[in-house]
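Engineer:
2 protein chains.
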Amino acid sequence: MSSQSKPARYHHGDLRAALLRQARALLEAEGPAALSMREIARRVGVAAPSAYHHFPGLDAIAVALAEEGFAELAQRLDTAPTNDKGQLAGTGLAYVRFALDNPGLYRMMFGEGFTASSQEGQSLKQLRQRAYERVLSGLRKRLPEEEVETAALFLWSLVHGLSLLMVDGRIERPDDSEAMIMSVLRLAGTGLPSSVNPPSANDPH
Amino acid sequence: MSSQSKPARYHHGDLRAALLRQARALLEAEGPAALSMREIARRVGVAAPSAYHHFPGLDAIAVALAEEGFAELAQRLDTAPTNDKGQLAGTGLAYVRFALDNPGLYRMMFGEGFTASSQEGQSLKQLRQRAYERVLSGLRKRLPEEEVETAALFLWSLVHGLSLLMVDGRIERPDDSEAMIMSVLRLAGTGLPSSVNPPSANDPH
DNA sequence: GAATATAACCTAACACTGTTAGAATTAAGC
DNA sequence: GCTTAATTCTAACAGTGTTAGGTTATATTC
Chain W
1072 MSSQSKPARY HHGDLRAALL RQARALLEAE GPAALSMREI ARRVGVAAPS
1122 AYHHFPGLDA IAVALAEEGF AELAQRLDTA PTNDKGQLAG TGLAYVRFAL
1172 DNPGLYRMMF GEGFTASSQE GQSLKQLRQR AYERVLSGLR KRLPEEEVET
1222 AALFLWSLVH GLSLLMVDGR IERPDDSEAM IMSVLRLAGT GLPSSVNPPS
1272 ANDPH
Chain X
1072 MSSQSKPARY HHGDLRAALL RQARALLEAE GPAALSMREI ARRVGVAAPS
1122 AYHHFPGLDA IAVALAEEGF AELAQRLDTA PTNDKGQLAG TGLAYVRFAL
1172 DNPGLYRMMF GEGFTASSQE GQSLKQLRQR AYERVLSGLR KRLPEEEVET
1222 AALFLWSLVH GLSLLMVDGR IERPDDSEAM IMSVLRLAGT GLPSSVNPPS
1272 ANDPH
C-alpha cells in the first residue's frame, strides 16, 4: 500500500489524504452516485464518523475532489501545445482527453448535487469561472472584444458536450478516439459544409 | 386539483399518472438528486409502498419520465422550422429551448445514475439512439456519407454542451437567451474566425 | 519516566432513504 | 350478498449521512 509512505505518525498517519485517495478511486470505479461516506471509510479501513474530523461532510469530500480536478485540468490546458497552428485543436484535445481520463471526476466537477451547499458551492463556482477565464483570455488576444464571449461559449459548449457524450458512453467509442475528437474540433474552425447551412439569407448583421 | 379528471374509479383513480405528475414536479423543483420514492408518494398523498404496484422501483419512475422527455423532445424537433435557410438554427434552437424549459428532466434524460439498471437502461439507450438517428437522417440528405457522422457528433456536442451549461447555470444568463443561442449556432455554420484558427497548415486531407 | 492534555478514532444512535412481506381495505363480477 | 381480485396500508429490513459522547493512542509537560 502506498498509504504507508510515512511511518504512521498519528493513529492512521494521514487519514485525510487516504480518504481523498479512496474517494477518488471509488468515484472512478463506481461513478459519482456511488460516492458514500461509509463506503469511503470502509475502504480506508476506518469508521465512518472518523472522516468528520477531516471533512465537514460528504459534500466537502466531493468538492475537494473537484478542486483537485480543476487544478489538474488547468495544468493540462496550460501545458497543451500553444503553437499558432494548433492552439484551438491542441487545447480542445487536451480538454476532452482530461475528461476521458477522469470520467467520474469530470462529471463531479460539472455535475450538480452538492452545488447547492453554501460554502463549498462558491468555491467550485470560482474554480469553474477561472477555467472559463482561461479560455476567454486566450481568445481575447485574437478576436475583437464583442466576438470573444460568443466564441468562448461556442468552444466551451463543444468540448463540454463532446466530453460528456463520450464519458457517458452516449456514442460508441471508435478505435481511434483522438482522430474522432480532432475531426470534430476541425469543424469548429471551418464550420459545417454550406450544403447543411446555406451561408447568407438570414444574417441580420 | 386536476387529478380529479376521472371520478375515482379505483381507490385513487389513477395513481400511476399522479405519481408521474408529482415526480416530474419534484424533479423540476428540487433537481434529479431530490427525486425520492417516499417524497413522491408523500406529495400524492399515499404510502410509499403503494407506488410499487405501478412501478418496479424508483428507477422505473425516472425512466418513465425520461421517456416522456424524449417523446416531447422529438415532437419539438419535428415541428421546428425546416425551411432551407434555418434548418440547422431552427432545430438547434428548439433543442436548447427544450432543455431550458425542462432543466431537471433534461439532466435526467442524459444523466447517469439509473443507466446501469438492466431493463430500463436499454429502453433509454434506444430512445437516445433514435434521437440521434433523427439528427443523422437530417444530415444524410445534405452531406456525403463519410462526413455525416462527424457533422452529427459536432452538432450534438454543441447543443448538448450549450444546453447543460445553461441548465446548470454555469454561464450567467443574459437578458436575451435566444439571441445568445442563435449567435453560438451561427458559429457552427461559419466556423471560428480564421484569426483564432488559421485555416490550412495542418490539414492532412 | 510518569501524569496529563489533546488529537484521533470508535460505538451507539437518530432520522432518513429504497424496498419487501403480509395484512387490511375497497371495488368488481357473479 | 358473496367471492375475488386489485389496491392500499402498516411494519420491518438494510442501507445512508450525520451527531453525541466515550475510548485510545500520541504529544507534552513536569
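Protein sequence lines, in the order shown, are assigned to chains W and X.
Plus 1071 on top of the position in the first sequence (first one is 1) and you've got the working numbering.
Plus 1071 on top of the position in the second sequence (first one is 1) and you've got the working numbering.
C-beta: ideal position from N, C-alpha, C; glycine also.
1. Check the Cβ-Cβ distances between W/Asn1273 and every residue of chain X, and say whether any is below 9 Å.
2. Can you have a look at W/Ala1079 and say buried or exposed, based on whether 16 or more other CB atoms are within 10 angstroms of its CB?
3. Please check the pair W/Leu1106 and W/Val1167, which I expect to be a contact at CB under 8 Å, by giving their CB distance rounded to whole angstroms.
4. Interface residues of chain W around X/Ser1254 at Cβ under 7 Å?
5. Closer than 7 Å by beta-carbon distance: list the chain X residues that pair up with W/Ile1242, in chain order.
6. Against chain X, does W/Tyr1203 count as a neighbour if the rule is that its beta carbon must be under 9 Å from one of theirs?
7. Tell me which same chain residues have a C-beta within less than 7 Å of the C-beta of W/Ala1094, skipping the five on either side of it?
8. What's the gap between the Cα of W/Leu1258 and the Cα of X/Ala1222?
9. Going by beta-carbon coordinates alone, are W/Glu1138 and W/Phe1169 separated by less than 9 Å?
10. Is it true that the CB of X/Phe1181 sits closer than 9 Å to the CB of X/Leu1235?
11. What's the gap between the Cα of X/Trp1227 and the Cα of W/Leu1086?
12. By the criterion of Cβ-Cβ separation under 9 Å, what are the contact partners of X/Ser1208 in chain W?
13. List, in chain order, every chain X residue whose beta-carbon is nearer than 9 Å to that of W/Leu1233.
14. By the three-class DSSP mapping on this structure, what secondary structure does X/Gly1262 have?
15. Counting C-beta neighbours from all protein chains within 10 Å, is the total for W/Ala1122 16 or more, i.e. buried, or is it exposed?
16. Where does W/Lys1196 fall in DSSP's three states?
17. Would you say W/Leu1159 faces chain X, with C-beta separation under 9 Å as the test?
18. Since X/Leu1302 contacts X/Gly1163 with CB under 8 Å, what's their CB separation in whole angstroms?
19. Can you tell me whether X/Pro1103 is buried or exposed? The criterion is at least 16 other CB atoms within 10 Å of its CB, across all chains shown.
20. Can you tell me whether W/Phe1126 is helix, strand or coil according to DSSP?
21. Return the first residue and the last residue of the alpha helix (DSSP H) that X/Val1167 is part of.
22. Against chain W, with Cβ distances strictly below 9 Å, would X/Asp1247 count as a contact?
23. If you draw a straight line from the alpha carbon of W/Leu1090 to that of W/Phe1126, how long is it in whole angstroms?
24. Roughly how many angstroms lie between the CA atoms of X/Ala1202 and X/Ala1145, to the nearest whole one?
25. What does X/Glu1218 touch in chain W if you count any residue whose Cβ is under 8 Å from its own?
26. Which class does X/His1231 belong to by DSSP, given the choice of helix, strand or coil?
27. Kindly list, in the order they appear in chain W, the residues whose Cβ is closer than 9 Å to that of X/Phe1181.
28. Between X/Val1115 and X/Met1251, what straight-line distance do the alpha-carbon atoms span, to the nearest angstrom?
29. Return no unless some Cβ of chain X is closer than 9 Å to the Cβ of W/Met1251.
30. So, is W/His1124 buried or exposed, given that buried needs 16 or more other C-beta atoms within 10 angstroms?
31. In three-state DSSP terms, what is X/Pro1120?
32. Compare the C-beta of X/Arg1095 with all C-beta atoms of chain W and state if any pair is closer than 9 Å.
33. Take X/Arg1147 and list the residues in its own chain whose beta-carbon comes closer than 6 Å to its own, dropping the five residues that flank it on each side.
34. Taking the CB atoms as reference points, tell me whether W/Arg1213 and X/Pro1264 lie closer together than 9 Å.
35. Would W/Arg1213 count as contacting chain X if we go by Cβ distances under 9 Å?
36. Ends of the alpha helix (DSSP H) at X/Val1115?
Structural biologist: The relevant details are as follows:
1. Reliability fails at W/Asn1273, whose pLDDT of 44 lies under 50, so the model's placement of it is uncertain and the value that follows must be treated cautiously. Cβ-Cβ to chain X under 9 Å: yes for W/Asn1273.
2. Low per-residue confidence applies at W/Ala1079: pLDDT is 42, beneath 50, and the placement is therefore not dependable enough to give any value.
3. Actually they are not in contact, since the Cβ atoms of W/Leu1106 and W/Val1167 sit about 24 Å apart, beyond 8 Å.
4. Thr1221
5. Leu1224
6. yes
7. Leu1106, Ile1111, Ile1132, Leu1136
8. 8 Å
9. no
10. yes
11. 43 Å
12. Chain W residues near X/Ser1208: none, gap ~13 Å exceeds 9 Å.
13. Leu1224, Phe1225, Trp1227, Ser1228, Leu1229, His1231, Gly1232
14. coil
15. buried
16. helix
17. yes
18. Not covered by the structure: residue 1302 of chain X. The range shown for chain X is 1072 to 1276.
19. buried
20. coil
21. 1158-1172
22. no
23. 10 Å
24. 7 Å
25. Pro1264
26. helix
27. Leu1235, Leu1236, Asp1239, Arg1241
28. 39 Å
29. yes
30. exposed
31. helix
32. no
33. Ala1165, Phe1169
34. yes
35. yes
36. 1108-1115
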